[in-house]
Structure formats: C-alpha cells, structure tokens
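In UniProt numbering, the protein residues as written are 1 to 928. Taking it in order: structure first as structure tokens, then the write-up.
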C-alpha cells in the first residue's frame, strides 16, 4: 500500500476548480484546460480519488465531478500509473461501493469497470471479493452499488467474468450468477432491474454458471413479465429477445405464452417497453432465417414457423397501428416546418466520418444505414422492420392480412398519418412480398406517384422512399425482364422514365425532409438502373436536377446530393465523359471545395463524390487533375503539421489547427484515383518526390486506416510509376515487412492495412531488379507464408499473400524455391481461387521459375499442382482473361517433364490420383 498523502493546498486548488465549473455562466473550457494541466502531475488521479472517496463534507456534485474525471483519465492513464498509486486508487474506490449517495454509487461503478478493462479482472481479485460481499449483504446501498459496478463490467467485458482468477475459489460468474437470480425477486425495483440487466448482458457470452441455470433464469423472467415496474418489464422483453437469438430451443415449451405476452407488450402504454418488445418480431424472423444455427434449420424452421403463423392475424394489425406517427410526435412538427430556406441548425447535423475505401481485392461493404429518412430508432420504425422481416419469412401469405388494412388506410380522408403509415407498410413488404405484388406493380407505381405530390410533406417523403424500394424491379422491367422481352422493355422503360420524372420533381421540393427522401430515392434508383444498364441514357435530366439541388440545398441535404452524384458517376462510367456533363459537374464541385476550407468535415462527402467522378472521367478530368492533386497533397501536409505539433480535435468535430486523421485518409483515397486514371497528366508532380516522401511517413503511421490508404497509393504508383519510388525502394520494403509481422496481422484493426501492404509490395516487387529485392526476400517470405494456412485470414489478404509470394518467386526464385516444399500444398490451394488476371499470371510464372529450381516440390504435390493449373478458365477460352503464350508453354513443359520423369510404368497410378475433370482438362490442352 502506498504511503501517499494529499497536500491540503493541492486538494483545495482542485476542489476550487470543480466548484467553479459547476457555477452557471462560467468559462468551462478554461477550467477544463487548467484541469488538463493538472493531469501532468503523476499523482493527480490520486487527488481525484481522494476528493471522491474521502472528502465527505464536500457537495456531492463536486465529488461526482472528481470521480467522472478520474474515470475518464483512467481510460488512458491507468496502465502507465505506478503500481502503488494503482493500489491506492483501487482500494479507495472499493470503499465507496456502498456510498449513501446513488449518484456516487453509479460513478464508482463506472470507474471500477474502467480499471477492470484496463488492468484485467484477473489482476484485481479484491474487486470480485468486494462486489460479492456487497451483493450478499443485507444493506440496500451496498447491494445496489455492487450491482451498478457489476452491470458496467457485464456491459463492457462480460467474458472476463468466466475466467479463472488467482486468489478466488471459483470463477467470478459462478459466484455472482446465483445471487443475481435470487435478486430477480427482490422487493426493491432498482435491485430487481439491475440484476436482470446484468444477466441479460451475460447472455451474450453465456458463462458456464448461467448456462447451467438457464431454466431458472427463464422461469424467473417469465414470472416477471407483468411486473408493475416498466423498467423491469422492458428488461424482461429484452431478455426474451436475446435468448431467441442465441438459444431459441429454450423458449419452445412456452413459446405461445411468450408470443401472447409480446403481443400485449408491443401495445404497452410505455413507449420503451413497447419498443423493446417489438424487437421480438424481427429477432424471431432472424432466427428462422439464420444460416448459422443447426437448430433453427431443422426444428425452429418448422415448429416455430407454424406457431408464429397462428398469431399473425393478431400481430399484423398491431404493427400497422404502431406504424402511425403519434399525435404529439415532435418529428411531425419539425418536418412540417422544415422549409428549405431555413438554415440547418448545428444540432440537426450529424458528425461526418470519412468511410475508408475497401481493402485492395476486398468487396466493398454494404452501407448498413437504414434507408428510411428518419434517423432515430422508435416504435414506428421498429414495427416497420418487424413487418419487413415477417414478409421475408411468410412472403405472399401475409398479403391477405395486410392489403385490406393498407387499402382502407390509404383511403382515409381525415387523417394523413393513417395514410402515411399505409405507404410505409407497402415499402416495408416490397421485397419480401414482391412476387405477390408484382402483378400490381404498374398500379402501385401510379398510386405512389400520385402520393409523391400529397400536400403533407411526410406523406410525400415516405412515398419517395417506398417508390425507391421497388427500384430493382422497375429497372429490370426497363431492360425486358428475365427474357429481355421487347414489349416488356418498352413498357418498363416508360415506367422508369415516369418514376424518375416524379422523383426529380420532388428533388426540388420546398421541404427539406422531402428533399432528403427524394434525393436518397434517386440514389437508390440510380444504383439499380446502373446495374440494369438503364442509367446512361438518362444522364442529362438526372444531372441537371442534381446540380439544381446542389445549388439550392442546405448543408445536411447537400451531403445526400454528393452521394447521388457519386452514384450517378459509378452507374454510367465513361458515358459521363462528355464535355457538357463535365462542365456542368466538375467546376461547381471544385468551387465548393474552395469555399469549404481544409478543416471542414463537409469535405468528406464532397471528396468521396469526386472519387467516383474522377474514376468515370478520363480526358474530361484532365484539366482539373493537377489542382486537385496539389490540394490533396496540401491537405495531407497540413494534417501532418498539426500532428507534429500535437494539436488534436474531438471526435466528429474539427476546427482550424486541429489534427484529424480522417482528412489524410480522405485525401489519400482521392489521390489513388488520380494516380490510376489521370497519371500521365500529373506524372511530373509524381516525379517531384513530394508524394514519395509523404508516403514514407504515412506508411509508418500509427493509425491503421492511414496505413491502409497509404499502401493503396503506394501500390497504385508502383503499378505504373515505380521509377518515381526508386529512391526509397528499400524503405518501402522494410515498412511493408513491419506491417506484415505476426504481431500486427494478429490484430483485426490492422487487417486492411496489412492486406494493402501485401498487395503493394507485390506490385513493387515486379518493378524492381532482383538485386534490389534480395535482402528483403527472406523476411517477406517468413511473414507471408504463414498466412496461407491461417484460417483467420480474410479472403482478400489470403489472395494478396498468394499473389505476392508468386511475384517474389518470379523475381528471386533461387531464394524462395528451397522452402517451397513447406508451403506448396497451401499455396496451390490458394492459387486455385485467384481470378484469372495479370496478378495470377505473375504468381504462376513465379511458380514455374521456382519449380525449375526445386522440381521435387511439385513432384511431391503433383495432384494439387494439377488442380491449380486447371483453375485457369482462360486457356484458349474467349471471354476470359487468357494466359500468355509464355505461361501456357512453361506450364506444359513442366507437366510433361514430370510425366517423363515419373515414367510410363508409374505414370497411370500418379495421374489417376488427379481428379477426373482436372485430368480431362489438362489432357485436352497439354496432351498428358
């Protein structure tokens, strides 16, 4: 235990700062700066815990402020705090678990959880003992304080409670779970609430103690379903939802009673209880649709399906009713008054974060944001999601229950909210029930097109969203459906033009909520039309209206315009590369960039839009590429300057002079596009060396997303402009090796950066001389080869490691070939799954050169080698990337050489070990 004692004057100074901070009208930023300066003292956190735990005469608000600052400091400073100070802080906090003040009990629980996360539960057995003693005491304050702390731990690190802890007779979960279940029946609502909340959190990791007590947990939960406390009822519903997702079989015996209870709870007068119970319907359907659970495939998909079917006639009307806007809904009031001339309020603007590009070779992740124009999750939205997922399970079977209600609601002459909910319902079932709705698609489109002009803005906005939900089928019809029928194509094309005209008209609506919905709907329609080949012919009206919206919209909706413009460029490709389109599009966007300044986060959606546009324009972007390149470089250099001077901003907000790594990532992503598509125009800038020097810094950055984008740019430059990297080739190889080390690859946060480093160094490897490569071969191979057999590797990293090994072998076969026996099987298996492209050709050429050096490696893995060779589709087949004559000849020579070496007597036995389809293919090509 430390001998540390606080100095009275130090305590007085800190207390005075907290007291001043609590005064109204005071400059809190100035006081916070002073407190931050105090943090430089190694014992500052000791003072904070002393004030929090020992200065009982102080106001609770001052003590709470000290505790909250302590908690926040410990998140970053605990690990580096000297051990005796750690012990002082921990012992002081444990004494406060049973504080008479509920506010302080909650604060100490949060601080204890932070220490448990940072230092580990195993290193703090005293905490487990103290919580256990308080849980089993008869004192209310101690029990609630212990539950508060335990809930924080269960929320943050639940799995750690099921670990062995030295000094304890049993795992913490084994000691806590039985007591938590006892407290389900406590007469104190807060103890009951917290105990249920703790166990619900533990369900996600299912410690052994809880698994063994699941029947008791469910029994207790079931008995509390009608508890008078609404918070308890909410947690009961939440518990059933969680169990349904992880162990649905445990609910089967009481499933009908649980469904009946959830039907009632979905109509609960308390909106939080109703919302929590409404989650049950989506969770139920998700469990039926899950591909991961063997149980749900067999038993639940039959029994659960039939049981829920019994309740659908009761459930559907409840969900439809819940989809109504409430009479006093603030969202309605705000939407009705949200006219386009009114400037956006800062509180209406969500923080913007740049979305990094997908790792090289990886598929872009789907945007998981909900398509609805509202952002707050509520009962209305949850009910719509329930209808949506139910339609994915029960399909057209729901239509007789839904459509009569929808039709009646659409005809309601008195309440627009009823009509609006009916439109929302049609949108919710658009995908799940499409087969049943498809014969009526023209009528639905006509109906929705009329509703897009409704006097009420929320009716107009939801009609836009619902129209967009049918985009795929509208666009498929425009290309003639599955059979490319000319008659269907003519009708479908007219229908697409009609929908597009309707949405473009609403794009210029006077209400911002309608603008948002219309612009989002157009982006969805663009995406589907692009896939169906129907967008290029419609560029002019879409671009014209989007640029009008660009000139009119306020900041919030302008972000959606950027997305729609980017989606247009992605959907039409080089069809956008016409002088009139380029002139209408690029100069206004660059002018907006000039207006925004280099620290404005509104740059993120603008530069993402320019990414797509620059990818589609070739000659059209030529005159703009140099200033765009130079400004991207300036943007990166400015942020590096801020970082070097230690000036950082807060998450989601940046002011001039503050470091924000997202600006670097955003600028690098646009630079990648410029190098790929505008390289000749900016080559003199690449040759200047600035970008090379900048990449040396960025590829060594501590932020994984910066390294990811930096290595992507390095690879893009290496493909075509490797000469401009030559002065630092050695350093780039070393940086890649560092990023491919076992320790770095082991962290999921680094995977995309590792992937791009692996790809980039493969691109560089085939552009440098063998002499430049030699010193790096052994560390690279040592780092990459284990990835070939590591099941944790994602698809893109496995693919890039496979290609890079081949490229290294291509350049330095004599160094790699001796170890080929050790990874030949894994490598050939991976080679089979590579797409037929130039990268695959490089890898196979490397294979050939290494087999010339070490033929035994191929002989010992002959069958899998044959499978790898046969994986090429483009062996004389038109429509595929076709391997070069050099590679085809080399592979033939190697296979025939093995046949000759094996000899006529043994050849049939070896050849028959190769799968018959592979034998047939190789025999027809190489005459084996």
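Beta carbons are placed, not taken as given, at the ideal position from N, Cα and C, and that holds for glycine.
In the DSSP assignment, residue 107 falls within the unbroken alpha helix (DSSP H) covering 102-119. Contact between residue 71 and residue 114 holds, with the beta-carbon distance rounding to 5 Å and staying under 8 Å. When 556, 549, 22 and 619 are compared, the shortest CA-CA separation from residue 580 is found for 619.
Judged by DSSP in its simplified three-state form, residue 339 adopts strand.
Distances from the alpha-carbon of residue 803 to those of 794, 814 and 784 put 784 closest. Residue 219 and residue 193 have their C-alpha atoms some 16 Å from each other. With 16 or more neighbouring CB atoms inside 10 Å of its own CB, residue 468 falls in the buried class. Cα atoms of residue 615 and residue 835: separation of roughly 22 Å, rounded to the nearest angstrom. Put simply, the backbone Cα of residue 855 is about 21 Å away from that of residue 918.
Separation of the CB atoms of residue 518 and residue 479 is rounded to 24 Å, and the pair is thereby denied contact status at 8 Å. If you compare the alpha carbons of 791, 558 and 565 with that of residue 525, the shortest gap goes to 565. About 5 Å separates the beta carbons of residue 709 and residue 665, which is inside the 8 Å limit, making them a contact pair.
Residue pairing by DSSP places residue 511 opposite 339 in a beta bridge. Shown here, residue 226 sits in coil according to DSSP, grouped into three states, outside any helix or strand. Minimum Cα-Cα distance from residue 823 among the listed residues 851, 549 and 772 corresponds to 851. Counting along the chain, residue 61 sits inside the alpha helix (DSSP H) bounded by residues 60-77.
Around residue 151, the same chain offers 109, 194, 197, 198 and 201 as residues with beta carbons nearer than 8 Å, after the five sequence neighbours per side are excluded.
The beta carbon of residue 767 sits closer than 7 Å to those of 718 and 722, all from its chain and outside the five residues before and after it, given in chain order. A Cβ-Cβ contact shorter than 9 Å links residue 64 with residue 103. When the alpha-carbon of residue 3 is set against those of 87, 77, 178 and 56, the nearest one is in 87.
DSSP places residue 468 in the helix class (H, G or I) of the three-state scheme.
Beyond the five residues adjoining it in sequence on each side, residue 132 comes within less than 6 Å, by CB distance, of 175 in the same chain, given in chain order. When the five nearest sequence neighbours on each side are left out, the beta carbons in the same chain lying within less than 6 Å of the beta carbon of residue 671 are those of 632 and 713, in order along the chain. In this structure, the CA atom of residue 406 is about 20 Å from the CA atom of residue 266. Counting the other CB atoms within 10 Å of its CB gives residue 493 a total of 16 or more, which places it among the buried residues.
By the neighbour-count criterion, in which a residue is buried when 16 or more other Cβ atoms sit within 10 angstroms of its Cβ, residue 645 is exposed. Residue state for residue 26 is assigned as coil, using DSSP reduced to three classes. In summary, residue 515 is buried, with 16 or more beta-carbon neighbours lying within 10 Å of its beta-carbon over all protein chains present.
Between residue 680 and residue 687, the alpha-carbon positions lie close to 11 Å from each other.
Across the structure, residue 473 and residue 559 are spaced so that their CA atoms are roughly 27 Å apart. Per the coordinates, the alpha-carbon of residue 489 lies some 19 Å from the alpha-carbon of residue 539. Between residue 339 and residue 510 a beta carbon distance of about 6 Å is seen, short of the 8 Å cut, so the two are scored as contacting.
Rounded to the nearest angstrom, the gap between the Cα atoms of residue 452 and residue 499 is 10 Å. Between the C-alpha atoms of residue 764 and residue 863 there is a straight-line separation of about 32 Å.
In this structure, the straight-line span from the alpha carbon of residue 506 to that of residue 520 is close to 11 Å.
For residue 891, the closest of 678, 848 and 842 by C-alpha to C-alpha distance is 848.
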